[in-house]
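Asks: Questions regarding the structure given below will be posed in turn.
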Amino acid sequence: MLEKNQSAAQTIASIIDAMTNQEKVDLLSGFGMWKTAAVPAYGIKPIVMTDGTYGVRYSIPQIDSDERGGMDLDAFLSVVNQRASDVAIAWGEMKPATCFPNGSAMGNSWDEGLMQRLGVLLGQECRAMGVHLLLGPGINLRRTPLAGRSYEYYSEDPLVTGKLSAAVIEGIQSQGVGTSLKHFACNNSEVERTTMDSVVEERALREIYLKGFEIAIKQSKPWTIMSSYNRLNGVQASQDPWLLNGVLRDEWGFDGVVVSDWHGIKDRPASLMAGGDLDMPESPRRKADLLAALDSGAVPVEVANLSCRRMLEVIERCNAGASQPLPVYTAEEHHAEARAMAAASMVLVRNKGLLPIRPDMKNILVVGRDAGTPVIQGSGCATTIPTMVDQPLEQLEQALGRNHVLTFRGEADAETLALAAKADLVLVYTSTEGAYDGEGSDRTTLALGPGQDAMIAALAAASEKVAVVIACPDAVEMPWVDQVGAVLVTFYSGQAMGGAVADVLTGKVNPSGKLSVTFPKRLADVPGFLHYPGENGRHIYGEGIHVGYRAYDLREIEPLFPFGYGLSYTSFAYSDLTVSSPQIGLHDAITVAFTVTNTGDRTGAEVAQLYLQAPGKRLKRSPQELKGFAKPVLAPGESKRVEIIIKGSDLAIWDPALGRWVLEGVEARLVVGASSRDPKLVADLTIKPSVLPFRRIAYDTQPAYVLPNAIACEHICAYLTNRCNISKEDAMRMLNHCSNSFFGIFTSLERRLRVSIPEAEVAGLISEINAAMDGAESKL
């Protein structure tokens with residue numbers, strides 16, 4: 062595409078100048094299902110994109126044979142509706158790729174280095190298949206564990222979500238392959254997902270649902286962003302100018318391409334005007350609509366030119382990446398890495414001395430069909446055809462060798478219960494139902510699959526030596542948890558799940574995963590329970606900023622397992638907390654340091670978490686908010702000094718009245734913990750204000766909110782002094798006399814003083830007060 066003696070920018074500009082409207086529409090639209098259009102007259106080659114948040118999903122007929130036209134929607138729906146359990150039917154249609162642990166599993170690693178390595182491996186497999194752009198990672202917040210696509214996403218917390226996704230993006234793009242961070246924004250449920258209006262108040266939107274995207278975009282600079290299907294506060298996300306141009310581009314500085322989710326655009330001209338560059342997949346109707354709008358001038362050509370420039374820049378980057386030497390690896394090598402990733406992400410949530418498996422556990426009973434046919438991934442567009450799949454029972458037999466006798470039973474009948482009573486250890490492999498949930502369909506329960514809770518309860522009644530292994534997309538209820546000796550939650554751990562579980566059960570790998578979501582005791586405890594899934598096409602996010610652990614803390618609800626929780630085969634101690642400064646302002650930064658020591662006899666990794674506990678003043682805050690984390694690896698007896706840098710802006714909250722991030726002046730605490738409910742170290746921190754602790758004044762502001770405001774009182778008293786010819790002391794007494802009035806301050810003054818204050822004078826006084834407050838804030 063580049064010509065000699067021309068810069069890339071000059072070449073792109075000259076191409077756009079020469080293009081017809083039809084060629085521009087072609088460039089800004091998909092070609093078939095997974096490609097952009099070629100424009101041969103200018104040497105513009107197509108780029109190939111495909112799904113793959115945890116494994117590359119390459120459709121041979123749709124990519125290699127360019128299936129087009131009426132087949133596209135049917136082909137897309139066949140993939141969306143594909144159940145992971147039936148994925149084998151597609152072996153002849155999709156290229157095998159490594160099925161790495163899914164997002165909800167990898168989120169429990171809390172390991173940015175591991176996530177970056179995942180990105181590198183995904184990028185390598187893209188390069189090997191000729192894929193230029195991988196449609197992921199997905200980072201919609203896990204607001205409810207029922208959400209069908211929760212298995213793809215990392216956490217209920219925006220910091221974990223943002224940091225881990227940024228690392229994946231950096232890894233993928235280091236291989237010359239682009240990413241598409243998705244789904245922007247608030248696509249947190251599969252119920253009516255293309256039409257549902259996610260109604261989210263502004264603070265929650267900024268602090269919770271957009272924050273992960275903001276962190277990832279600013280840190281890793283993804284080449285593209287994918288808009289979501291849903292409406293957001295009444296506007297289709299794919300054609301929301303506030304979201305795509307205002308927040309994403311103008312505020313955050315994103316300069317890449319916004320691509321639609323597949324068939325996610327309702328009004329193509331409106332989406333282009335709003336900042337939606339690329340319409341996927343190809344739609345003759347939407348292309349015709351855009352061409353007509355360009356030809357008529359309804360969409361200015363300058364708008365199309367800007368999107369064309371972004372598209373050509375991304376195509377150039379993709380071509381540059383594709384020119385790099387191809388990576389060299391084997392399927393076995395990537396499988397081994399997937400096994401290590403899975404083992405590092407599993408969470409041991411209960412262990413009463415039963416694990417790891419000891420040499421004296423000679424007679425081991427393995428129960429459950431999942432020991433033979435494991436559930437390794439979720440359903441939908443992200444479903445991957447694995448290169449190979451570990452069978453858990455076989456892997457356990459290999460790991461234990463001949464010193465243990467394993468007996469396998471598929472279900473818990475009378476004979477199985479008799480065997481359990483005599484066994485040295487009973488291992489139960491279980492999973493959630495998984496036949497209906499996934500992309501396009503939410504879960505309906507937090508229970509395990511049919512009959513499995515009853516099976517575990519029966520085995521626990523027969524033996525005190527029951528260890529349960531659970532494959533699940535998100536949180537599950539465990540009504541039997543107090544009757545079993547151990548519980549290992551694998552989430553969806555990918556094709557190497559069987560071997561990874563064997564590594565953890567035998568102690569070859571010390572478990573180090575910690576929950577990136579809260580596990581409730583019951584579904585009714587979930588913060589959004591009262592509002593889920595919405596009605597009449599509107600889903601109100603009524604819990605506001607209090608999502609996940611924030612709500613459990615605020616409502617003082619005891620979870621089944623708290624956010625950030627996970628057990629190890631070793632133990633850790635925390636000590637020597639220091640903070641580089643006892644106070645922080647909006648534009649400051651501090652270093653929080655502490656020591657973690659392995660006090661046990663096994664090498665292990667500990668996810669140390671840093672929380673802020675800051676009381677709200679004018680704006681309410683959650684009891685605590687995660688502000689940093691680290692995962693040091695420690696040998697027995699080893700200590701490491703952990704340092705976490707915190708910026709003042711990291712502690713800020715969104716003030717809807719002012720439309721900006723602010724800090725309220727408060728005395729706060731920094732808490733270092735092993736989970737959100739396990740504090741270890743505490744330090745005081747003074748937060749310096751960047752905003753006055755008072756509302757701006759309006760005509761109907763009540764006296765109770767005016768009297769504490771010295772600036773407002775000074776101006777009102779000065780006005781009264783002149784208006785009523787009284788002293789400042791008398792004017793202040795008049796103000797105080799209004800303190801118990803529930804009317805606005807000016808109505809109260811008129812009633813108490815029996816005067817009429819002209820509307821123009823009130824308006825001028827209000828402007829003076831608020832301007833003075835703005836001036837005072839600028840000096841904070």
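Taking the numbering used here as reference, the numbering of the sequence shown is continuous, increasing by one, and the terminal residue is 841. Every residue gets a Cβ at the ideal spot worked out from N, C-alpha and C, and that includes glycine.
1) Would the beta-carbon of I30 fall within 7 Å of that of P283?
2) Exposed or buried, what is Y593 when buried is set at 16 or more other beta-carbons lying within 10 Å of its beta-carbon?
3) Leaving out five residues before and five after G317 in sequence, what residues of the same chain have Cβ atoms less than 7 Å from its Cβ?
4) Is V653 closer than 7 Å to L671 when the C-beta atoms are compared?
5) Go ahead and pull the three-state DSSP assignment for K224.
6) Since L457 and A563 should fall inside the 8 Å C-beta cutoff, what is the C-beta to C-beta distance between them, to a whole number of angstroms?
7) Only counting runs of 4 or more residues, tell me where the alpha helix (DSSP H) segments fall wholly within the segment 770-809, in order along the chain.
8) DSSP on Y635, reduced to helix/strand/coil?
9) Since Q185 is in the alpha helix (DSSP H), which residue starts that stretch and which ends it?
10) Measure how close the beta-carbons of V109 and L183 come, nearest whole angstrom, since I'm counting them as under 8 Å.
11) For I827, which residues of its own chain have a beta-carbon under 6 Å away from its beta-carbon, when the five flanking residues on both sides are left out?
12) Apply the 10 Å Cβ neighbour rule to H776 and answer buried if 16 or more other Cβ atoms are within range, or exposed otherwise.
13) Thinking C-alpha only, which one of L202, E253, T222, H193 is nearest G239?
14) Ignore the nearest five residues each way along the sequence and tell me which others in A383's own chain have a CB closer than 8 Å to its CB.
15) Over what stretch of residues does the alpha helix (DSSP H) that includes N412 continue unbroken?
16) Within 10 angstroms of the Cβ of S90, are there 16 or more other Cβ atoms? Answer buried if so, exposed if not.
17) Can you tell me whether DSSP reads K348 as helix, strand or coil?
18) What do you reckon, are the CB atoms on V450 and N424 nearer than 7 Å?
19) Is there contact here, the segment 261-270 with the segment 713-725, by at least three beta-carbon pairs under 8 Å?
20) At 3 residues or longer, and completely inside the segment 518-553: list those beta strand (DSSP E) runs for me, N to C.
21) Would you call R411 buried or exposed, if buried means 16 or more other Cβ atoms sit within 10 Å of its Cβ?
22) Cα separation between S751 and G273?
23) I need the DSSP call for G295, collapsed to helix, strand or coil.
24) Is DSSP giving F590 helix, strand or coil here?
25) Measure the alpha-carbon distance for G836 versus L271 and round it to whole angstroms.
26) Okay, do the segment 220-229 and the segment 597-617 touch, 3+ Cβ pairs below 8 Å being the bar?
27) Go through its chain and collect everything with a Cβ distance to A397's Cβ below 6 Å, but skip five positions before and after it.
28) Return the CA-CA distance between A792 and N770, expressed in angstroms with no decimal places.
29) Quick one: what's got a C-beta closer than 7 Å to A432's C-beta in the same chain, skipping five residues either side?
30) Since R757 is in the alpha helix (DSSP H), which residue starts that stretch and which ends it?
31) Going by other Cβ atoms of all chains shown within 10 Å of its Cβ, with 16 needed for buried, is F624 buried or exposed?
32) Spatial neighbours of K741 within its chain, please: C-beta separation below 7 Å, excluding the five flanking residues on both sides.
33) Taking all protein chains shown into account, decide if F803 is buried (16 or more other Cβ within 10 angstroms of its Cβ) or exposed.
34) In terms of DSSP beta bridges, what is V657 paired with?
35) Do you know how far the Cα of R419 is from the Cα of E343?
36) Work out the CA separation of G336 and I73 for me, nearest whole Å.
Replies: Working from what's here:
1) Because the chain in this structure spans residues 62 to 841, residue 30 falls outside the shown range and cannot be described.
2) buried
3) P283, W284, T285, I286, R371, V375
4) yes
5) helix
6) 5 Å
7) 771-785, 789-798
8) strand
9) 173-190
10) The Cβ separation is near 15 Å, so there is no contact.
11) I758
12) buried
13) H193
14) R188, G191, H193, G237
15) That residue, N412, is in no alpha helix (DSSP H); its beta strand (DSSP E) goes 408-412.
16) buried
17) helix
18) no
19) yes
20) 527-532, 547-550
21) buried
22) 23 Å
23) coil
24) coil
25) 30 Å
26) no
27) none
28) 15 Å
29) P453, L454, F469, Y490
30) No alpha helix (DSSP H) contains R757, which DSSP labels as neither H nor E.
31) buried
32) Y635, V733, G734, A735
33) exposed
34) Y635, K701
35) 58 Å
36) 19 Å
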